[in-house]
Amino acid sequence: MRSSKKHYSWKLDDERRNRSTVSSLQASQTTTNNNSPDNYTHEKLHTDSHEDYNLGLCGYILLMLSYALICLTFPFSLTVCLKVVQEYERAVMFRLGRILGGAKGPGLFIIVPCVDAYTKVDLRTVTFDVPPQEILTKDSVTVAVDAVVYFRVFDPVISITNVEDAPKSTQLLAATSLRNVLGTKSLQEILSDRESIAQTMQAALDEGTEGWGVRVERVEVKDVRLPVQLQRAMAAEAEAAREARAKVIAAEGEQKASRALKDAADVIMQSPTALQLRYLQTLTTIASEKNSTIVFPIPIELMQAAITTYHS
């Protein structure tokens, strides 16, 4: 399962690399003069320097002198010519200012002193924190939001030739995208829909950094800080809402209790003996609490005859 995911990831990187090459070629075509095909051919050969090894007369002379110097100082020249890049690195070589083939590595590779220069590019995933940004939301609330961005270089050649500093450019673009995306959201959406905001930011960053040979893998909104006055207002609002719900629940309980008492009274009116049983249950409850004073009610049935005689 892991191998299939890794293969799919490298396949995506290859597709991105091809798209970036096509986009750079299209950009070079737009900058040339359409009315002069000879100038267009010259510009195309100049932009595709990694495929053009025509160094010129001076270049070949310097290259031959470098090879002669290597032979004269052999084997001590191996310490200068042999270079090593790690598994997670690639080396982009320049020969007299032109890219020499694709990225080298991992492992050993050879450079020619005084002619070749190389730059190492780290292919591992890089993490950086977007500084807290003061953002005015859609509903005119000022919040401070910071995020975390995960990215990696998928094409070392493009990341060297198309942009001066790919990680720094990605960080600046992430800060700008965070402002642009959150400026179109309300405070409630920022607090509740962080996942959708992160996906929108990732899509915007990935589209912007594709021409730099950088792939944004993940974006996470880390923290949303509200002003103190707004926090107090929201706390007061939440407390008032809880008190209102408590009063409603208490009123509903009283209503249900009154209906239950009414039903009980109707049952007792249908059977007078039920009232006497209720008296006995009350006495049992009082006796279980071990009180020193017990109130014993006089049954109404004992006084029924006297009440009847009094009325007659």
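Residue numbers (full-length UniProt numbering): 1 to 312.
The beta carbon of each residue, even a glycine, is placed where N, CA and C say it ideally should be.
Which residue wins for smallest C-alpha separation from Gly203, given the options Arg124, Asp263, Tyr118 and Ala174? Along the sequence shown, one-based indexing puts residue 203 at 203. Looking at the sequence provided, one finds Ala at residue 203 rather than Gly. The shortest Cα separation from Ala203 among Arg124, Asp263, Tyr118 and Ala174 belongs to Ala174.
Is it the case that the Cβ atoms of Ala147 and Val219 are separated by a distance below 8 Å? Here residue 147 refers to the residue found at position 147 when the sequence shown is read from its first residue. Here residue 219 refers to the residue found at position 219 when the sequence shown is read from its first residue. Yes, they are a contact pair.
Please check the pair Gln171 and Phe109, which I expect to be a contact at CB under 8 Å, by giving their CB distance rounded to whole angstroms. One-based indexing of the sequence shown puts residue 171 at position 171. One-based indexing of the sequence shown puts residue 109 at position 109. That belief does not hold up - the Cβ atoms of Gln171 and Phe109 are roughly 30 Å apart, past 8 Å.
With C-beta atoms as the reference, is Lys120 less than 8 Å away from Glu87? Start at 1 with the first residue of the sequence shown, and residue 120 comes out as number 120. Start at 1 with the first residue of the sequence shown, and residue 87 comes out as number 87. Contact flag unset, no.
My guess is that Val181 and Thr200 are in contact by the Cβ rule of under 8 Å, so how many angstroms apart are they, rounded? For this step, residue 181 is matched to residue 181 along the sequence shown. For this step, residue 200 is matched to residue 200 along the sequence shown. Contact check for Val181 and Thr200: beta-carbon distance about 5 Å, within the 8 Å limit, so the pair qualifies.
Segment limits, alpha helix (DSSP H) that includes Asp146: For the purposes of this step, residue 146 is taken as the residue at position 146 of the sequence shown. Looking at the DSSP string, Asp146 is not in any alpha helix (DSSP H); the run it does join, the beta strand (DSSP E), is Thr142 to Val153.
Just the C-alpha distance for Tyr150 and Ile190, rounded to the nearest angstrom, thanks. Indexing the sequence shown from 1 puts residue 150 at position 150. Indexing the sequence shown from 1 puts residue 190 at position 190. Roughly 20 Å separates the two Cα atoms.
Which ranges does the alpha helix (DSSP H) cover as unbroken runs of at least 4 residues, wholly within the UniProt domain "Band 7" (80 to 238), from first to last along the chain? Listed in chain order, they are 156 to 161, 166 to 182, 187 to 192 and 194 to 209.
Closest residue to Arg95 among Val84, Pro113 and Lys83 (Cα-Cα distance): On the sequence shown, position 95 is the one that residue 95 refers to. Proximity to Arg95 across Val84, Pro113 and Lys83 peaks at Pro113, based on C-alpha coordinates.
Please classify Phe154: is it buried, with 16 or more other beta-carbons within 10 angstroms of its beta-carbon, or exposed? The sequence position of residue 154 within the sequence shown is 154, counting from 1. By the C-beta density criterion, Phe154 is buried, having at least 16 other C-beta atoms within 10 angstroms.
Where Leu69 sits in the DSSP three-state scheme: Translated into the one-based positions of the sequence shown, residue 69 becomes position 69. Here Leu69 sits in helix by DSSP.
Look at the Cβ atom of Leu226, then the Cβ atom of Val130, and state whether they are nearer than 8 Å. As a working note, residue 226 is residue 226 in the sequence shown. As a working note, residue 130 is residue 130 in the sequence shown. It is not a contact, given that the beta carbons lie outside the stated cut-off.
Have a look at Ala260 and Thr285 and give me their C-alpha separation to the nearest angstrom. Stepping through the sequence shown from its first residue, residue 260 is reached at position 260. Stepping through the sequence shown from its first residue, residue 285 is reached at position 285. Roughly 20 Å separates the two Cα atoms.
Cβ distance (whole Å) where Ile99 is taken to contact Val157 below 8 Å: Against the sequence shown, residue 99 aligns to sequence position 99. Against the sequence shown, residue 157 aligns to sequence position 157. Ile99 to Val157, Cβ: 6 Å. Contact.
For Gly107, the nearest candidate out of Val84, Ala166, Gly97 and Val115 (CA to CA): Here residue 107 refers to the residue found at position 107 when the sequence shown is read from its first residue. When each option's Cα is compared against that of Gly107, the closest is Val84.
In three-state terms, what does DSSP make of Ser258? As a position in the sequence shown, residue 258 is number 258, starting the count at 1. In the structure shown, Ser258 sits in a helix (DSSP, three-state: H, G or I).
Sequence-distant residues of the same chain with beta carbon closer than 7 Å to Ser186, five excluded per side: On the sequence shown, residue 186 is found 186 positions in, with the first residue counted as 1. Exclusion of the five residues before and after Ser186 leaves Thr137, Lys138 and Asp139 as the residues of its chain whose Cβ lies within less than 7 Å of its Cβ.
Measure the C-alpha to C-alpha separation of Lys222 and Ile70 and round it to an integer number of angstroms. As a position in the sequence shown, residue 222 is number 222, starting the count at 1. As a position in the sequence shown, residue 70 is number 70, starting the count at 1. Going from the Cα of Lys222 to the Cα of Ile70 covers about 54 Å.
Could you give the residue range of the alpha helix (DSSP H) that holds Ser288? Residue mapping note: residue 288 aligns to position 288 of the sequence shown, counting from 1. First-last of the alpha helix (DSSP H) with Ser288: Thr273 to Ser288.
Status (buried if at least 16 other CB within 10 Å, exposed otherwise) for Met93: Along the sequence shown, read from residue 1 onward, the residue named residue 93 stands at position 93. So Met93 ends up on the buried side.
Would you mind sorting Lys256 into buried or exposed? The rule is 16 or more other CB atoms within 10 Å of its CB. The residue labelled residue 256 in the question sits at position 256 within the sequence shown. It is exposed - the Cβ of Lys256 has fewer than 16 other Cβ atoms within 10 Å.
Let's test the definition: count the other Cβ atoms within 10 Å of the Cβ of Lys168 and tell me whether it reaches 16, buried, or not, exposed. By 1-based counting over the sequence shown, the position of residue 168 is 168. The residue is exposed, with fewer than 16 neighbouring Cβ atoms inside 10 Å.
If you draw a straight line from the C-alpha of Val118 to the C-alpha of Thr176, how long is it? Indexing the sequence shown from 1 puts residue 118 at position 118. Indexing the sequence shown from 1 puts residue 176 at position 176. The question names Val, but residue 118 in the sequence shown is Tyr. Approximately 32 Å between the Cα atoms of the pair.
Could you give the distance in angstroms between the alpha-carbon of Val216 and the alpha-carbon of Pro132? The residue you call residue 216 lines up with position 216 of the sequence shown. The residue you call residue 132 lines up with position 132 of the sequence shown. Approximately 20 Å between the Cα atoms of the pair.
Residue burial classification, Val145 (beta-carbon count within 10 angstroms, cutoff 16): Here the question's residue 145 lines up with position 145 in the sequence shown. Buried, because 16 or more other Cβ atoms sit within 10 Å of the Cβ of Val145.
With Arg152 and Leu123 assumed to form a contact (beta carbons below 8 Å), what rounded beta-carbon distance in angstroms separates them? Within the sequence shown, numbered from 1, the residue matching residue 152 stands at position 152. Within the sequence shown, numbered from 1, the residue matching residue 123 stands at position 123. About 6 Å; that satisfies the 8 Å criterion.
Please determine, among Leu65, Ser159 and Glu252, the residue with the shortest C-alpha to C-alpha distance to Gly102. Along the sequence shown, read from residue 1 onward, the residue named residue 102 stands at position 102. Comparing Cα positions, the closest option is Ser159.
Cut-off 6 Å between Cβ atoms - residues of its own chain near Leu63, not counting five sequence neighbours on either side: Taking the sequence shown and counting its residues from 1, one reaches residue 63 at position 63. Cβ-Cβ distances below 6 Å link Leu63 to Val115 in the same chain, with the five nearest sequence neighbours on each side left out; the list follows chain order.
Thr30 - DSSP class collapsed to helix/strand/coil: The count along the sequence shown starts at 1 and reaches residue 30 at position 30. Low per-residue confidence applies at Thr30: pLDDT is 42, beneath 50, and the placement is therefore not dependable, though the value from the model is reported in the following sentence. Here Thr30 sits in helix by DSSP.
What residues in its chain sit with their C-beta under 8 Å from that of Asp193, if we drop five residues either side in the sequence? To locate residue 193, count along the sequence shown from 1; it is residue 193. Here the set comprises Lys185.
According to DSSP, simplified to helix, strand and coil, what is Leu55? Here the question's residue 55 lines up with position 55 in the sequence shown. If DSSP states are grouped into helix, strand and coil, Leu55 belongs with coil.
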